[in-house]
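Only one structure is covered here, and it is reproduced in the block below.
Numbering (our numbering), first residue to last: 299 to 665.
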């Protein structure tokens, strides 16, 4: 007996391609059971060929929407989703291993998640995603990481993160041998934000004043980047013409002119430059000594932003000693945002996570 079925092949010249497959049906004379002849083209009880499924999987690794993949291969979105979940299900964490350097961060995934933010951790030695978790709250993280063996957790020596999260309890209960290392980028960012906020307040005070002060407003607004730049990196040789000053000036001259408009801004600038010098030369002692002796003429809110560093003294001190960075984690966060935007958002976190794992190659890199 012969049965006729249609197997879908990869599209040819952008057209739906079907293979008329004739299968012989056999009957066993001893047990009287029947069975079909098998073929390497397609799995049993499937109508999509193995080659077509493979092409869909390869497209899932690209950062394109599922709907676009479905339209390209003349299948439904549900079919693409099923293949995606089958592929992602093949990945499981190695509960016996954790890297020596663990970089962690948070990102906003979707409103339907349990917590306000989701959690990502990256292997700081290989720069590959280790885990993406739905909830960043301490109880959830503790419960998850306790699934790893004690030897794996004790292998973690450094926990690299920004200053927005506090995981001291996670260190004590889960990673007993780990040290907290604050990401160096966020230290500089905190200083620049404080100085830039003071510049904006100073600038706005000149906005609706005399014509001369309005010029100062425009200058402070245009050349804000020079104030955030390290003083040693300012160009003091070339003197191009600047229309707002009506004369040629070096970058150093411009900064001196801007600081002459307000004494508080000058004090704040000098303070930040001193902190940056200590930071660049990895002098933790001088860095925190300057925080202890801030000029009383500085605004209270400005001093509060700088003294925030003292709450993370141990992590910042370690950042002066080690060159670990959370930059790879921040970069992956940006890539995750792109994945989410291209798909016009996700309603299911686990589908979102599966796509992240596939695009990042986690399911293809397992032994």
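Every residue, glycine too, gets a C-beta built ideally from N, C-alpha and C.
If you check the CB distance, residue 567 and residue 518 do not come in under 8 Å. Ranked by Cα distance from residue 538, the options 530, 531, 550 and 489 are led by 550. By the C-beta criterion, the region 377 to 390 is judged not to be in contact with the region 595 to 608, since fewer than 3 inter-stretch pairs fall below 8 Å.
The C-beta of residue 640 has fewer than 16 other C-beta atoms within 10 Å across all chains shown, which makes the residue exposed.
Secondary structure note for residue 401: its beta strand (DSSP E) is the uninterrupted segment 399 to 405. Counting along the chain, the unbroken alpha helix (DSSP H) around residue 494 starts and ends at 482 to 503. In this model, residue 407 and residue 428 are separated by some 17 Å (Cα to Cα).
The secondary-structure analysis by DSSP pairs residue 457 across a beta bridge with 400 and 478. For a cut-off of 8 Å, the C-beta gap from residue 444 to residue 472 is around 6 Å, short enough to register as a contact. For residue 541, the three-state secondary structure derived from DSSP is coil. DSSP, read as helix, strand or coil, puts residue 592 in coil.
Between the beta-carbon of residue 618 and that of residue 486 there is about 13 Å, and that puts the pair past the 8 Å contact cut. The alpha-carbon of residue 330 is positioned some 10 Å away from that of residue 324. For residue 627, the number of other beta carbons within 10 angstroms of its own is at least 16, and it is reported as buried. Cβ contact annotation for residue 529 (same chain, cutoff 6 Å, sequence separation greater than five): 571, in chain order. With distances taken between CA atoms, residue 318 lies nearest to 339 out of 327, 339, 625 and 332. Residue pairing by DSSP places residue 313 opposite 310 in a beta bridge.
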